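Quick note: the sequence shown uses our numbering, first residue 7, plus one each step. Reviewing the structure listed below.
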Amino acid sequence: MLVVGRILIQDNLIQDNLRQGNLRQDNLRQDNLRQDNLRQDNLRQGNLRQDNLRRDNLRKDNLRQDNLRQDNLRQDNLRQDNLRQDNLRQDNLRQDNLRQDTLRQDNLRQDNLRQANLRQDNLRQANLRQDNLRQANLRQDNLRQDNLRQDNLRQENLRQDNLRQDNLRHDNLRQDNLRQDNLRQDFFFFFFFFFFFVHLETGQSETGQPETGQPETGQPETGQLETGEPETRPPETEQPEREQLETGEPETLRP
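Here it is as structure tokens:
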């Protein structure tokens with residue numbers, strides 16, 4: 007218990023010392039803050055006095071400048087009044103001279119205008135004569151060009167007619183040649199098939215015609231042809247040619 011009490015006393019003592027240290031630091035911070043505020047107040051007051059002094063000097067300078075401007079203004083007004091009077095006298099003199107010059111120029115312009123009108127009348131008459139001449143030449147040129155265009159048109163139409171006739175003759179010639187070629191081909195095929203059928207019939211007549219009532223064994227009947235030879239079945243090699251005749255041209259003769 008004594009040890010615990012001693013420890014508690016020591017803790018309280020440490021806390022008291024800590025509180026006193028914090029209190030001293032707070033007091034020190036407050037003193038520093040008051041001193042800073044005091045210095046700032048003194049600085050503001052000094053700046054305020056300097057600002058007031060500068061403003062007073064500025065007001066004095068502005069007052070002197072205003073007085074100086076007013077004096078200069080009065081002198082400028084006096085000079086401007088004198089200048090206006092001089093300018094007025096000079097303007098009156100210039101206007102008198104201008105009126106006299108204007109009168110002389112008006113007389114001169116009228117004389118020049120009369121002469122210019124006379125020249126323009128002469129020029130219009132000359133231009134009118136030239137225009138009439140140009141129009142006559144233009145009509146003649148247009149007439150020649152029209153005649154030339156008509157001649158060219160007739161020649162062009164004649165060339166086109168000749169060209170159409172030539173094309174028509176060429177087309178007719180090609181069609182005639184085509185018809186003749188088709189006719190020759192038809193004649194060739196007709197002659198070929200005719201020769202083929204004749205050759206086939208000739209070959210069958212030489213080998214003998216098959217009998218429809220012949221038995222499957224392939225033996226001939228007792229009857230004979232006029233030549234005396236027994237009827238025999240044609241060889242099987244001729245059947246593909248018959249099939250080709252039934253279906254169309256043989257493969258070797260197809261175009």
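Even for Gly, the Cβ is constructed at its ideal location relative to N, Cα and C. Here the structure is a predicted model, which is why all the values come from computation and not from measurement.
Query, Result
"Alpha-carbon spacing of Phe-195 relative to Leu-184, whole angstroms", "16 angstroms"
"Span separating the alpha-carbon of Gln-191 from that of Phe-200", "14 angstroms"
"Spatial distance of Leu-114 from Ala-122 (CA atoms)", "12 angstroms"
"Euclidean distance between Cα positions of Asn-23 and Arg-30", "10 angstroms"
"C-alpha gap between Asn-53 and Asp-72, whole angstroms", "28 angstroms"
"C-alpha gap between Leu-124 and Arg-100, whole angstroms", "35 angstroms"
"Pairwise C-alpha distance: Leu-164 and Asn-173", "14 angstroms"
"Completely contained alpha helix (DSSP H) runs for the stretch 158 to 221, where each covers 4 or more residues", "none"
"Cβ-heavy atom distance, Phe-197 to the ligand FMN, below 7 angstroms", "This structure simply doesn't include the ligand FMN, nor any ligand for that matter."
"Contacting residues, own chain, Cβ-Cβ under 6 angstroms from Gln-76 (five flanking each side not counted)", "none"
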